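Chains as they are written, first to last, in this note's numbering: chain A, 19 to 385; chain B, 67 to 510.
Note that CB positions come from ideal geometry on N, CA and C, so glycine has one too.
Model, not experiment: these values are computed from the prediction.
Step one of this worksheet: look at the structure below.
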């Protein structure tokens, strides 16, 4: 069963190494990005591993159940709502970013509102499913798409046009001291493990094995995500691109392929991954809100409506409106601010869960 | 004797009320000639009746006969009579003897679900014959057959069959309750039973397998699933089902590993093609012709040069024709059926393209869609997936390729969220016990 944990982890790794993270890292590439990436990989892996080991103390329990056990209601409810909101924002950011990407690269003539409506509608529909269904579709989508991902990575590393000089140039800046925003960006791809806060409910007797996979796959994906754009786009001009990785994929060609430009293959895969990521994040948010409110239906005009549906409708409408009003630059500024909050929240969450796990072990020993 | 009930039944001309007299005492027989077998009446009643001297001696004869029970004093005989019993009245005492005329118990050839080199016969339309077939192929003391009567009027005889050592008790309790709660007048077929025991009215993908093959029934019994066998239909319902059951043909068990796996891959590919190809055609032609290499994009545009309207119109024209053809050749009498296919083939072939109604690529798309739909071994599933392409086409019209991918995602998620009697329906590693060596995985 521990494979489901890795699907969640890898999904986050693959999604976040494509969108804002390379953008943020490229901004700081002469300013300590490399050191930040190295530190980020270590920090992310350590957090992931201790978090997973702590969650293993609570088989079959998600964060709502754990909080109920250790903290009073006036802390539990706001913190659940806050965490749910953080997950919702994480999903919405990817949603808006991806609708912009589709508009830019796949159908430039479509009305942005229509594109957002398509994604928001699907997200709203998908967020209300059972958590175990969400895990199943994670498995299906990821396993079906992995061969293509490997192919694209292989293609990008072995491309004739890759300029190893650029990467060597970058090595001159390897020892620059890390800076905070690049560090925050570098740890973001590792946050997939946080989804255990909900999905641990399903793992009744979970012992997550092969923990060494976390740093290993993290390292590989981070390196290829950080270095191939530099090699393919050039160390100077890589800073000019808004959607760094998609432009990188557009440099590749499949000479004998049915589809010639790799970017289309890449986009199809990433539409699937983004939908998956949005679904998973919003599913966590929807479930947390339901738990925080404490009842499953709300009566509106004498009709019972599930809280889940209301919550997912709310986030869809918010995303739709804010996606319509925002611009590329506004998004990036928001993401930079958001990364700091996220980093702090993540640290706090890991520390508190570790603390709960220690409490639990002490209780077990006394009992 | 309930005279009123008998008089009520006598309105039918096939109801018989006869008095037999052997010179020493009399008996009265009540039965339907169409439901009872004369041989049995002759052998079990008339013949001994001739040889016995006293009513008491005949009573012993009746009590010692197989399938003969004495009836309560004031019980209504109607129900027994309608089930094929003969009611014998002897000095005011009543006995009933089971003497049913067999229904259609011929075992037909499997025609809906054929295999190349597997068992060739299907189940029959007679429930007892079917149970005989199952017992003979599954000679285990654990095989339980629980009898149910379904339908208020039709009183259709049915059996819930399962292997007690393998089936999950909760699942059996669940289905037992659902069968008892069926509230319909007439129950005639297996598919209808599935509809009646499913909670929601709005269902799309079948979550119970319908099969006419005894070998499939046996393999599923051994996997711990249950069967619902119904009188009057050669099809059994099998549940809990997973999606893979609908993609596996019985030939898969009888072929080698590599062949089987390749065929299963082929079927999944077929499912993908039949669902997405028309939608992809609309999206590619109307939104993103540039995703293909330029030569292909040009030849696609060239083939559409004569077509005066947008791509989705031609898709709808062609899909209407192919669906109409499928439905027509299914319903038509066999002799007219060949005409329909010939005429339809002409329209779907060259003519439509030469008339400039559709592009030639669209004709290929249509036939690919139809043919790959036929790859799905279980008919219920291939019908369900025939519907799936239309929402995808609508999404393609509105959102282009993005819509198609979103639609596929939504369909997959819907399938993932289904459960068949508590068993997850659609997932990558199904984890069912491998009784034939063609499925494996960790137990659920």
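- Residue 373 (chain B) and residue 442 (chain B) have their C-alpha atoms roughly 33 Å apart.
- Rounded to whole angstroms, the separation of the alpha carbons of residue 96 (chain A) and residue 89 (chain A) is 12 Å.
- Rounded to whole angstroms, residue 478 (chain B) and residue 190 (chain A) show a C-alpha spacing of 48 Å.
- Beta-bridge analysis with DSSP links residue 85 (chain B) to B:94.
- Interface criterion not met: the Cβ of residue 341 (chain B) is under 8 Å from no Cβ in chain A.
- Rounded to whole angstroms, the Cβ separation of residue 358 (chain B) and residue 369 (chain A) is 52 Å, and the two are not in contact under 8 Å.
- Taking C-alpha positions only, residue 316 (chain A) is separated from residue 325 (chain A) by approximately 6 Å.
- Only residues of its own chain outside the window of five on either side were considered, and among them 137, 153, 162 have a CB closer than 8 Å to the CB of residue 146 (chain B), listed in chain order.
- Note on geometry: alpha-carbon atoms of residue 359 (chain A) and residue 121 (chain A) lie some 29 Å from one another.
- At least one CB of chain A lies nearer than 8 Å to the CB of residue 493 (chain B).
- The three-state reading of DSSP puts residue 155 (chain A) in helix, counting H, G and I together.
- Against chain A, the beta carbon of residue 268 (chain B) has no neighbour under 9 Å; the closest one sits roughly 15 Å away.
- Taking 9 Å as the Cβ-Cβ cut-off, the stretch 455-467 of chain B approaches chain A at 461, 464, 465, 466, 467, given in chain order.
- In the three-state DSSP reduction, residue 315 (chain A) falls in the strand class (E or B).
- Listed along the chain, the chain B residues whose CB falls inside 7 Å of the CB of residue 302 (chain A) amount to none; the nearest CB is some 16 Å away.
- Assignment of residue 305 (chain B) by DSSP, reduced to helix, strand and coil, places it in the strand class.
- Contact annotation for residue 120 (chain A) against chain B: 468 [CB-CB distance below 7 Å, chain order].
- Spatial neighbours of residue 88 (chain B) in its own chain (CB-CB distance under 7 Å, excluding positions within 5 residues in sequence) are listed in chain order as 115, 116.
- Among the residues facing chain B, residue 326 (chain A) is not included, as its CB has no counterpart in that chain under 8 Å away.
- Within the stretch 340-407 of chain B, the alpha helix (DSSP H) runs of at least 4 residues that lie entirely inside it are, in chain order, 360-369, 377-397.
- If the five residues before and after residue 447 (chain B) are omitted, its C-beta is found closer than 7 Å to the C-beta atoms of 272, 312, all from its own chain and listed in chain order.
- Taking 8 Å as the CB threshold, residue 430 (chain B) stays off the interface with chain A.
- Here the alpha carbon of residue 269 (chain A) sits roughly 7 Å from the alpha carbon of residue 250 (chain A).
- The beta carbon of residue 151 (chain A) sits closer than 8 Å to some beta carbon of chain B.
- Between residue 96 (chain B) and residue 111 (chain B), the C-beta gap is not smaller than 8 Å, which leaves the two residues out of contact.
- The beta-carbon separation of residue 292 (chain B) and residue 238 (chain B), rounded to 6 Å, stays under the 8 Å limit for a contact.
- The beta carbons of residue 470 (chain B) and residue 367 (chain B) sit about 20 Å from each other, so the pair does not count as a contact at 8 Å.
- Runs of the beta strand (DSSP E) lying entirely within the stretch 285-338 of chain A and spanning at least 3 residues, in chain order: 315-318, 321-324.
- The DSSP-derived three-state label of residue 222 (chain B) is strand.
- Annotated three-state conformation of residue 333 (chain B) is helix, per DSSP.
- For the options B:412, B:489, B:171, the alpha carbon positioned closest to that of residue 191 (chain B) is the one of B:171.
- Contact annotation for residue 342 (chain A) against chain B: no contact, minimum CB-CB distance about 16 Å [criterion: below 9 Å].
- When Cβ pairs closer than 8 Å are counted between the two stretches, the stretch 451-460 of chain B is seen not to touch the stretch 125-135 of chain A, the count staying below three.
- Annotation: the stretch 151-178 of chain B contains the following complete segments of the beta strand (DSSP E) (minimum length 3 residues), in chain order: 151-156, 159-164.
- Relative to the Cα of residue 345 (chain A), the nearest Cα in the group A:68, A:218, A:226, A:115 belongs to A:115.
- Boundaries of the alpha helix (DSSP H) harbouring residue 203 (chain A): 198-205, taken from the DSSP string.
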